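In this text, residue positions in the sequence shown follow UniProt numbering: the first is 1, and each later residue adds one. Please read the structure below before turning to the comments.
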Amino acid sequence: VVIRAQNGALLYRISPWARYVVRDEDKVNYDWVHWNPPQSYIHKNPSPKRLKSLRIYESHVGIASPEGKVASYKNFTYNVLPRIKDLGYNCVQLMAIMEHAYYASFGYQVTSFFAASSRYGTPDDLKEMIDVAHSMGITVLLDVVHSHASKNSEDGLNQFDGTDSCFFHSGYRGNHQLWDSRLFDYANWEVLRFLLSNLRMWIEDYRFDGFRFDGVTSMLYHHHGIGTGFSGDYNEYFGLHVDEDALCYLMLANHMINTLHPECITIAEDVSGMPALCRPVAEGGGGFDYRLAMAIPDKWIQIIKELKDEDWNMGNIVHTLTNRRCEEKYIAYAESHDQALVGDKTLAFRLMDAEMYTNMSVLMPLTPVIDRGIQLHKMIRLITHALGGESYLNFMG
Numbered sequence: 001v002v003i004r005a006q007n008g009a010l011l012y013r014i015s016p017w018a019r020y021v022v023r024d025e026d027k028v029n030y031d032w033v034h035w036n037p038p039q040s041y042i043h044k045n046p047s048p049k050r051l052k053s054l055r056i057y058e059s060h061v062g063i064a065s066p067e068g069k070v071a072s073y074k075n076f077t078y079n080v081l082p083r084i085k086d087l088g089y090n091c092v093q094l095m096a097i098m099e100h101a102y103y104a105s106f107g108y109q110v111t112s113f114f115a116a117s118s119r120y121g122t123p124d125d126l127k128e129m130i131d132v133a134h135s136m137g138i139t140v141l142l143d144v145v146h147s148h149a150s151k152n153s154e155d156g157l158n159q160f161d162g163t164d165s166c167f168f169h170s171g172y173r174g175n176h177q178l179w180d181s182r183l184f185d186y187a188n189w190e191v192l193r194f195l196l197s198n199l200r201m202w203i204e205d206y207r208f209d210g211f212r213f214d215g216v217t218s219m220l221y222h223h224h225g226i227g228t229g230f231s232g233d234y235n236e237y238f239g240l241h242v243d244e245d246a247l248c249y250l251m252l253a254n255h256m257i258n259t260l261h262p263e264c265i266t267i268a269e270d271v272s273g274m275p276a277l278c279r280p281v282a283e284g285g286g287g288f289d290y291r292l293a294m295a296i297p298d299k300w301i302q303i304i305k306e307l308k309d310e311d312w313n314m315g316n317i318v319h320t321l322t323n324r325r326c327e328e329k330y331i332a333y334a335e336s337h338d339q340a341l342v343g344d345k346t347l348a349f350r351l352m353d354a355e356m357y358t359n360m361s362v363l364m365p366l367t368p369v370i371d372r373g374i375q376l377h378k379m380i381r382l383i384t385h386a387l388g389g390e391s392y393l394n395f396m397g
């Protein structure tokens, strides 16, 4: 797309609505490719019926292989999905699907919102993967990033028309200080149309069964949760620091999804505990079906780091696991990609650390560290699954 800016300069941009973008090995930026195969993939299997309780396998297609390369949709379809099914999961949550130029961002610096990442294959490969999952009775959720966008301009949305306010707030308000990314202007009608259309496209074209909305806390507050603790006091949730435009967008998104596709599921990643986030829009709520129980993994990390085994307070643990808002459904988890992948350590490494490299072999006796670690690892997951919420999530591996 060629745009003439206000100063007369010609800007070469990728369409915000591009469905397929690729990057040649000798180039830095992505190019828009018109995807129009002679025969588009036709879904053969109906979506599974809406589940009463989710057992979610959170995964990243690109790292779902022991080989030292970026794995593919095809690999996930034929090598990973059967294992997910055999392990008893009924839902897979896919991260890093929306196209992102920076691979190490794990999909959280999106550049092309309507394009499935070409690193793993073609759009039809993704459609086939979802179709095969449906044939196994597995619900497929997309980790959707509408809380912010990449700062890339030539292959992203930033400065699309030469200004910093085409899709985003201008100036300081339009930049996330921790994530180094742009923040959407949810009061802009065209932004609302763009984001709502994006959700509908992923459901209707690819047959995703719902979404995990990333970074909801950042959306809900003008301070984006930066340097802010939440105690549960209602003054923290209702005041001038709440971004009403963003909250309105989330309500619109859930209302649209529930109206057009009532079988779809939406999950909110909110650390603040915003009241009524998972109550119907008709009641004045946010409209989400589930919220992530984000206090639980933090609690396990705190216990492992700070307490001896004999000092674990089961009453305090049970309180954390069961402390949730009445009539709002929670998804419990001991660890997700935030703990296991993005700048942190898995529970297994916290419990066993370096001995995992030398004493995990079945050919040698268990050491006390490994024996303790395996037992606590299993018990932590069991207790979390039993008490933590109405559904359960586990990160791949």
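Built from N, CA and C at the ideal position, the CB exists for glycine as well. Only a predicted model underlies this, so the values are computations on that prediction, with no experimental measurement involved.
Neighbour-count burial assignment, residue i, 16 or more Cβ in a 10 Å radius
{"i": "residue 38", "result": "exposed"}
{"i": "residue 173", "result": "exposed"}
{"i": "residue 248", "result": "exposed"}
{"i": "residue 380", "result": "buried"}
{"i": "residue 392", "result": "buried"}
{"i": "residue 131", "result": "buried"}
{"i": "residue 398", "result": "With the chain running from 1 to 397 in the structure shown, residue 398 is simply not present."}
{"i": "residue 297", "result": "buried"}
{"i": "residue 129", "result": "buried"}
{"i": "residue 358", "result": "exposed"}
{"i": "residue 149", "result": "buried"}
{"i": "residue 388", "result": "buried"}
{"i": "residue 202", "result": "buried"}
Spatially closest choice to residue i from the options, by CA coordinates
{"i": "residue 147", "options": "325, 84 and 216", "result": "216"}
{"i": "residue 182", "options": "164, 197, 31 and 188", "result": "164"}
{"i": "residue 195", "options": "102, 145 and 234", "result": "145"}
{"i": "residue 243", "options": "262, 222, 257 and 252", "result": "222"}
{"i": "residue 212", "options": "259, 24, 141 and 237", "result": "141"}
{"i": "residue 318", "options": "47, 176 and 303", "result": "303"}
{"i": "residue 310", "options": "210, 354, 372 and 205", "result": "372"}
{"i": "residue 127", "options": "89, 69, 378 and 208", "result": "208"}
{"i": "residue 12", "options": "3, 18 and 19", "result": "3"}
{"i": "residue 83", "options": "108, 57, 264 and 70", "result": "57"}
{"i": "residue 275", "options": "265, 368, 168 and 288", "result": "288"}
{"i": "residue 70", "options": "96, 35, 48 and 87", "result": "96"}
{"i": "residue 47", "options": "224, 389 and 204", "result": "204"}
Check: residue i C-beta below 7 Å from any heavy atom of the ligand NAP
{"i": "residue 191", "result": "With respect to the ligand NAP, the structure shown offers nothing to examine, as it has no ligands at all."}
Run of the alpha helix (DSSP H) containing residue i, from where it starts to where it stops
{"i": "residue 339", "result": "337-340"}
{"i": "residue 274", "result": "Careful: residue 274 lies outside any alpha helix (DSSP H) and carries neither H nor E."}
{"i": "residue 218", "result": "216-220"}
{"i": "residue 198", "result": "189-204"}
{"i": "residue 349", "result": "347-352"}
{"i": "residue 135", "result": "123-135"}
{"i": "residue 260", "result": "244-260"}
{"i": "residue 386", "result": "368-387"}
{"i": "residue 319", "result": "314-322"}
Integer-rounded CB distance, given that residue j should sit under 8 Å from residue i
{"i": "residue 119", "j": "residue 62", "result": "6 Å"}
{"i": "residue 111", "j": "residue 152", "result": "5 Å"}
{"i": "residue 300", "j": "residue 351", "result": "Actually they are not in contact, since the Cβ atoms of residue 300 and residue 351 sit about 10 Å apart, beyond 8 Å."}
{"i": "residue 292", "j": "residue 267", "result": "7 Å"}
{"i": "residue 254", "j": "residue 210", "result": "At roughly 10 Å, the Cβ-Cβ gap does not stay under 8 Å, so residue 254 and residue 210 are not in contact."}
{"i": "residue 81", "j": "residue 116", "result": "Residue 81 to residue 116, Cβ: 17 Å. No contact."}
{"i": "residue 17", "j": "residue 114", "result": "5 Å"}
Which residues DSSP lists as bridging residue i, in chain order
{"i": "residue 95", "result": "60"}
{"i": "residue 300", "result": "Note: residue 300 sits in no beta bridge, so no partner."}
{"i": "residue 184", "result": "168"}
{"i": "residue 143", "result": "212"}
{"i": "residue 266", "result": "211"}
{"i": "residue 176", "result": "181"}
{"i": "residue 2", "result": "12"}
{"i": "residue 395", "result": "58"}
{"i": "residue 32", "result": "21"}
Range covered by the beta strand (DSSP E) that runs through residue i
{"i": "residue 329", "result": "329-332"}
{"i": "residue 292", "result": "290-292"}
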